[in-house]
Amino acid sequence: MKLGLICIGRLKAGPERELFSRYAERIRALRRLGLEGLELKEIDESKASSSAERSSREAMELLTALPAESRLAAFDERGRAETSAAFAQFIASERDRGCKALWFAIGGAEGLDESVRARATAVFSFGAMTLPHQLARILAAEQIYRAMTILSGHPYHRQ
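Numbering follows the working numbering, with no gaps: position 131 of the sequence shown is 135.
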């Protein structure tokens with residue numbers, strides 16, 4: 005199953021991009037689980053004047069950029085907080101159901117529009133606090149990597 009992360013906003017060069025890249029490389033190295041990735045798609049933030057219009061336009065762009073026949077999960081402050089083990093089990097169950105590609109979405113400053121959350125198989129939260137998209141992206145990559153280490157029995161995740 006291919007893994008991808010689709011995000012509103014772009015990471016500039018710097019420590020955030022380097023840290024994201026480090027986790028993406030670790031994910032690519034753990035191919036023996038029937039999982040591969042992490043592909044990244046970045047979508048420009050909308051320049052619309054109202055927050056509702058920005059959110060709507062970003063949702064349209066995000067859903068249009070989602071590869072055909074892909075499942076979607078999302079990270080959003082309105083999602084459910086799960087343990088890393090439960091998140092790993094979600095990824096494994098999607099893989100075991102025959103899902104060809106699983107993409108995770110991260111919204112922009114307005115968060116994710118309801119249309120994206122409704123399209124998602126699952127919506128996860130890193131907690132109630134609002135995070136900058138740069139950090140949310142790094143946390144998503146780290147949790148995907150952690151999930152893969154849990155599934156492989158690697159000692160990275162200590163309970």
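Yeah, the Cβ is synthetic: ideal placement off N, Cα and C, and Gly gets one too. These numbers come from a predicted model, not from an experiment.
The beta carbon of A151 is closer than 7 Å to those of S88, F91, A92, I95 in its chain, skipping five residues each way along the sequence.
Residue range 105 to 110 is occupied by the beta strand (DSSP E) that includes A109. DSSP places R82 inside the beta strand (DSSP E), whose first and last residues are 75 to 84. Per DSSP, A28 is one residue of the alpha helix (DSSP H) stretching across 19 to 33. Between R82 and S53, the C-beta spacing is not below 8 Å. With contacts defined as CB atoms closer than 8 Å, L37 and A77 fail to qualify as a contacting pair.
Ranked by how close their Cα comes to the Cα of E20, the residues E146, F108, G157 have E146 in first place. Distances from the CA of G13 to each of R123, E22, K51 were compared; the closest alpha carbon is that of K51.
Going by C-alpha positions, T153 is about 10 Å away from R30. Beta-bridge partners assigned by DSSP to I12: I47. Under the three-state reduction of DSSP, A126 is assigned to strand.
Around the CB of R162, fewer than 16 other CB atoms lie within 10 Å, so the residue is classed as exposed. Contact check for V127 and L66: beta-carbon distance about 14 Å, past the 8 Å limit, so the pair fails to qualify. In this structure, M5 and L42 do not form a Cβ contact; the two beta carbons are roughly 12 Å apart against a cut-off of 8 Å. Annotation for M64: the continuous alpha helix (DSSP H) segment containing it runs 55 to 69. For A124, the CB contacts under 6 Å within the same chain, skipping 5 residues up- and downstream, are L76, A77, A78 in chain order.
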